[in-house]
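> Provided herewith is a single structure, encoded as C-alpha cells, for subsequent inquiry.
Protein chains in written order, with this note's numbering: chain G, 45 to 370; chain V, 45 to 370.
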C-alpha cells in the first residue's frame, strides 16, 4: 500500500520551502525554491508543482498525498485568502483555489505563526500540551494561540496578532501605522532599535558603536552580549522587560501551560528568556506565579516551517475524521 | 415522562440564588436564600437542598434533575474546588464532593463570569456566536472568554482574569496586591475612584461634590450624568478610554465576533459604551476595525446568574452526549 504523506508549504518573502511529510515527522522529500515575490502567485505554484510531479514520478505509486498545508503571511484559515501579503506583490489571492487547480485535494491555509504552533504540537516540544502560546521572534513578532488543543482563529480567521498589542502607549512607530506595538520592541528589529536608542542616548562605550547601520544585526548584538558588552546586555534586558510584562497579561487571558519561543531572536536563549521570565513573574497575578513554562522551540530552523505546514493539514484531516465518525 | 431540568446555583457574598431550569430557559422554580458567608459551605448546601427537596415532593415525579451547575467566585472548572473565595469564610472546599453527598448527579463548577458567558450563549444575546467575550462590570471586572463555542479555562482552570491585566503601569493599587489592574479603573468601584480623583484634582462644580463617601455610588454618578453633570460625564469618558484601549489588545488575541457587557455599570449604556467603542476602534489594527460588536446583555439582572449556572451544566451534558456518541 502507498504511504500516506502530506505536502507542507512555507511561503516566505525570499524563499518557499516545501516537502512531503509522513505522520511521524519523517520528511521524505524537501526542497526550497525562490519565491520571486514580484511575480504573481500562480507562477510560484506552477514551479512548485512541477517539482512535486517529478518526485511523484520517481516514487511511482509509493506515495499517496492526502492533502496540502500552507503557511503564509496573512493567510486566512477560513477563506484560504491571502490579502496583500507583506513582501509579496500578490494583491488578494485565494490559495485554496490556486492549489486545487493543480491537485484536487484538501487544502488548508493559515499564517506562519499558527502553522508553527501546530508544528510544535505534532512534532515538537508541545506534544502533550493542549493550551500554549507560540511566539516567533523574527523580524517581527508572530503568535499562534492554542486553546483546548485547537488553534484560535477567532470569528474571522485573524486572531493571534500579539505583535500588535500596545506595549508602550505612544511608543515607537510601527509599520502597521500605529505606535508602541509589541513587535517594535520584542523582535530582531526591535532589539536593533533599542541598541540604536542606547547608543544615541549616551556616549557609553560598546563594541556595537563601531558598526555601520547595515552591520548592526541581532546576531551581532548577540555576539557582543557573549563578549560581555554591557550595552548589548542592557538591550536584551530591556527587550525582555517589555515582552515579559505583556506576557503577564497574556496569561491572565489564557492561563497556558507554556509559552514557546522560536525564530532568530529566540536563539539568543537566556539573554532574552531570563529577563522575560523575571518581568513576567514579577507582573503575574498570584494564582499564575511559577506555573507557566517558558520554552525554546526544539525544531531546527530549517525544518520547523514545513513541519508546521504539514501539521496544519494532518490536524485538519484528523479533525475531519473525528467529525465523520461521530 | 418527567421533564428534564437542571439545578442552577449562583453563589454571591450576600445571597445565593438557585432554580430549576429547562433546556429552553423556562425557569420552573426560583428562589434566593442568604449565603450566610461566615458559616461553612456545607451549611449553605444543607439549607439549599432542603428547599429543593420540598419542590421535588410538590412536583412529585414531574421533574427529573439531570445535573447541577454552580457559578461561584474562584470556582475551578477542572477540580470543583473553591479556594479562599473573596467574601466567603469557606477556606478551600470542593463543591463537587459537597453536592454529591446530597445528590448523586453530574456537577460542574466555574466562576460567575464564565457561567454568565455560557448563559448568554444558551439563553441570551450570544445565541449564534462561537467566539465572544463576556465582561461583567460590577464591583470588579470579570470576564468569560468563549472560543470556538467553548469557554476558555486554560490549562489549570484559571483563564479569563481580564480584570487583572495591567491597564496603567504603576497605576492604582488593586486588592490583588498589584498596581494598575484594569478593574481598578473599569468597574463600579473604579468609576467611583475616578470621580473622587476628579473632585480632588480641581474645584470644578459638580452635583457629586455634595455627597458623602457612603452616598457616592455608581448609580449616583449615572444619575448625575443623566442631569448633564460635566464631571460625571468626564468620569465615564475616562473609564471608557481605559477599557476601550485594553479591549483593542483583547481583539488582537482573540478576534471575537462581539464583546458583551453585563453587570451594574453596563446598565449605564452609552455613557460607558460610547467612549469604550471610540477608544477601542481608535487603537485597533486595521484588519479588526468596524467588525467587533459591542453589546449589552439581554438577560435581566435577576435571572442571568442562575441561567448562566444552568447553561454551564446543560453545556456539559451536551458535550458528554457528543463524546459518547462519537
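Glycine included, every Cβ here is placed at the ideal spot set by N, Cα and C. Quick caveat, the model's predicted, so the values are computed rather than measured.
Note the first and the last residue of the continuous beta strand (DSSP E) segment covering residue 265 of chain V.
Taking the second chain and counting its residues from 1, one reaches residue 265 of chain V at position 221. Per DSSP, residue 265 of chain V belongs to no beta strand (DSSP E); it is in the alpha helix (DSSP H), 262-270.
> Taking beta-carbon pairs under 8 Å, can you tell me which members of the segment 144-175 of chain G lie near chain V?
Cβ contacts with chain V come from 173, 174 and 175.
> Establish whether the CB of residue 296 of chain V and some CB of chain G are separated by less than 8 Å.
As a position in the second chain, residue 296 of chain V is number 252, starting the count at 1. Answer yes: the Cβ-Cβ gap between residue 296 of chain V and chain G drops below 8 Å somewhere.
> Which residues, in chain order, does the segment 181-206 of chain G contribute to contact with chain V at a C-beta distance below 8 Å?
Within the segment 181-206 of chain G, the qualifying residues are 189, 191, 192, 194, 196, 197, 198, 199, 200, 201, 202, 203, 204, 205 and 206.
> Check this for me: beta carbons of residue 151 of chain V and residue 111 of chain V, under 8 Å apart or not?
Taking the first residue of the second chain as position 1, residue 151 of chain V is located at position 107. Taking the first residue of the second chain as position 1, residue 111 of chain V is located at position 67. In this structure, residue 111 of chain V lies closer than 8 Å to residue 151 of chain V by Cβ.
> Any idea what DSSP makes of residue 147 of chain G, helix, strand or coil?
Here residue 147 of chain G is taken as the residue at index 103 of the first chain, counted from 1. Looking at residue 147 of chain G - three-state DSSP - the assignment turns out to be coil, as it is neither helix nor strand.
> Hey, quick one: how far does the beta strand (DSSP E) through residue 339 of chain V stretch, first residue to last?
Here residue 339 of chain V corresponds to residue number 295 of the second chain, with the count starting at 1. Run containing residue 339 of chain V: 337-340, per the beta strand (DSSP E) assignment.
> Just the Cα atoms here: how many angstroms apart are residue 211 of chain V and residue 330 of chain G?
The residue labelled residue 211 of chain V in the question sits at position 167 within the second chain. The residue labelled residue 330 of chain G in the question sits at position 286 within the first chain. Rounded to the nearest angstrom, the two C-alpha atoms are 17 Å apart.
> Give me whichever residues DSSP pairs with residue 64 of chain V in a beta bridge.
Looking up residue 64 of chain V in the second chain gives position 20. Paired residue(s): V:51 and V:73.
> Pick from V:138, V:108 and V:103: whose alpha carbon is nearest that of residue 119 of chain V?
Translated into positions along the second chain, residue 119 of chain V becomes position 75. With distances taken between Cα atoms, residue 119 of chain V lies closest to V:138.
> Whole angstroms are fine: how far does the CA of residue 183 of chain G sit from the CA of residue 132 of chain G?
Here residue 132 of chain G corresponds to residue number 88 of the first chain, with the count starting at 1. Here residue 183 of chain G corresponds to residue number 139 of the first chain, with the count starting at 1. In a straight line, the C-alpha of residue 132 of chain G is about 16 Å away from that of residue 183 of chain G.
> Since residue 324 of chain G is in the alpha helix (DSSP H), which residue starts that stretch and which ends it?
Here residue 324 of chain G corresponds to residue number 280 of the first chain, with the count starting at 1. Here the alpha helix (DSSP H) through residue 324 of chain G covers 314-326.
> Go through the segment 111-144 of chain G residue by residue and report every complete run of the alpha helix (DSSP H) that reaches 4 residues or more, in order.
Counting whole runs of 4 or more residues, the segment 111-144 of chain G contains no alpha helix (DSSP H) stretch at all.
> Bridge partners for residue 188 of chain G per DSSP, in chain order?
Taking the first chain and counting its residues from 1, the one referred to as residue 188 of chain G is at position 144. G:178.
> Would DSSP call residue 348 of chain G helix, strand or coil?
What you label residue 348 of chain G is simply residue 304 of the first chain in a count that begins at 1. In the structure shown, residue 348 of chain G sits in a helix (DSSP, three-state: H, G or I).
> Please report how far the alpha carbon of residue 306 of chain G lies from the alpha carbon of residue 220 of chain V, in whole angstroms.
Walking along the first chain from the start, residue 306 of chain G turns up at place 262. Walking along the second chain from the start, residue 220 of chain V turns up at place 176. Distance between the alpha carbons of residue 306 of chain G and residue 220 of chain V is about 33 Å.
> In whole angstroms, what is the alpha-carbon distance linking residue 357 of chain G and residue 176 of chain G?
In the first chain, counting from the first residue as 1, residue 357 of chain G sits at position 313. In the first chain, counting from the first residue as 1, residue 176 of chain G sits at position 132. Those two C-alpha atoms are separated by around 20 Å.
> Using DSSP bridges, identify the partner residues of residue 194 of chain V.
Within the second chain, residue 194 of chain V is the residue found at index 150, counting from 1. Residue 194 of chain V pairs with V:191.
> Whether or not the segment 153-170 of chain V and the segment 297-304 of chain V are in contact is what I'm after, with contact meaning three or more pairs of Cβ atoms, one per stretch, closer than 8 Å; do they touch?
Because the criterion of three Cβ pairs below 8 Å is met, the segment 297-304 of chain V and the segment 153-170 of chain V touch.
> What is the C-beta distance between residue 297 of chain V and residue 206 of chain G, in whole angstroms, given that I count them as a contact (C-beta under 8 Å)?
Here residue 297 of chain V refers to the residue found at position 253 of the second chain. Here residue 206 of chain G refers to the residue found at position 162 of the first chain. 7 Å between Cβ atoms; contact.
> Could you list the residues in the segment 299-326 of chain G with a C-beta less than 7 Å from some C-beta on chain V, going in chain order?
From the segment 299-326 of chain G, only 299, 300 and 301 have a Cβ closer than 7 Å to chain V.
> So is residue 275 of chain G in contact with chain V if we call contact Cβ pairs under 8 Å?
Taking the first chain and counting its residues from 1, the one referred to as residue 275 of chain G is at position 231. Taking Cβ atoms only, chain V never reaches closer than 8 Å to residue 275 of chain G, which makes this a no.
> Using a Cβ-Cβ distance under 8 Å, would residue 335 of chain V count as near chain G?
Here residue 335 of chain V is taken as the residue at index 291 of the second chain, counted from 1. So yes, residue 335 of chain V belongs to the interface.
> Which of the three DSSP states, helix, strand or coil, is assigned to residue 363 of chain G?
Mapped onto the first chain, residue 363 of chain G falls at position 319. In the structure shown, residue 363 of chain G sits in a helix (DSSP, three-state: H, G or I).
> So with CB distances below 8 Å, who are the chain G contacts of residue 86 of chain V?
The count along the second chain starts at 1 and reaches residue 86 of chain V at position 42. What residue 86 of chain V touches in chain G: nothing, since even the nearest Cβ is about 25 Å away.
> Can you tell me which residues form a DSSP beta bridge with residue 59 of chain V?
In the second chain, counting from the first residue as 1, residue 59 of chain V sits at position 15. Beta-bridge pairing links residue 59 of chain V to V:78.
> Can you list the residues of chain G that residue 331 of chain V reaches, using a CB-CB cut of under 7 Å?
As a working mapping, residue 331 of chain V is identified with position 287 in the second chain. By Cβ distance, chain G contributes 202.
> Please report how far the alpha carbon of residue 353 of chain G lies from the alpha carbon of residue 336 of chain G, in whole angstroms.
The residue labelled residue 353 of chain G in the question sits at position 309 within the first chain. The residue labelled residue 336 of chain G in the question sits at position 292 within the first chain. Roughly 26 Å between the two C-alpha positions.
> Please identify, using Cβ separations under 7 Å, the residues of the segment 116-144 of chain G that lie next to chain V, in order along the chain.
Within the segment 116-144 of chain G, no residue has a Cβ that lies closer than 7 Å to any Cβ of chain V.
> Enumerate in chain order the residues of its own chain whose CB-to-CB distance from residue 355 of chain V is below 6 Å, with the five nearest sequence positions on each side excluded.
Stepping through the second chain from its first residue, residue 355 of chain V is reached at position 311. So the qualifying residues of the chain are 162, 163 and 166.
> Report, in whole angstroms, the separation of the C-beta atoms of residue 204 of chain V and residue 157 of chain V, which I expect to be a contact under 8 Å.
Translated into the one-based positions of the second chain, residue 204 of chain V becomes position 160. Translated into the one-based positions of the second chain, residue 157 of chain V becomes position 113. Right, the Cβ-Cβ distance comes to about 7 Å (below 8 Å), so this counts as a contact.
> Look at the Cβ atom of residue 224 of chain V, then the Cβ atom of residue 216 of chain V, and state whether they are nearer than 8 Å.
Residue mapping note: residue 224 of chain V aligns to position 180 of the second chain, counting from 1. Residue mapping note: residue 216 of chain V aligns to position 172 of the second chain, counting from 1. Yes, Cβ-Cβ distance for residue 224 of chain V and residue 216 of chain V is below 8 Å.
> Using the three-state DSSP reduction, which class does residue 169 of chain G fall into: helix, strand or coil?
Along the first chain, read from residue 1 onward, the residue named residue 169 of chain G stands at position 125. Correct three-state label for residue 169 of chain G: coil.
> Would you list, in sequence order, the uninterrupted beta strand (DSSP E) runs of no fewer than 3 residues that lie entirely inside the segment 195-258 of chain V?
Fully enclosed beta strand (DSSP E) runs of 3 or longer: not present.
> Can you have a look at residue 82 of chain V and say buried or exposed, based on whether 16 or more other CB atoms are within 10 angstroms of its CB?
Counted from its first residue, the second chain places residue 82 of chain V at position 38. That one is exposed.
> Can you round the beta-carbon distance between residue 136 of chain G and residue 146 of chain G to whole angstroms, since I take them to be within the 8 Å contact cut?
On the first chain, residue 136 of chain G is found 92 positions in, with the first residue counted as 1. On the first chain, residue 146 of chain G is found 102 positions in, with the first residue counted as 1. Contact flag wrong, Cβ pair sits at about 19 Å.
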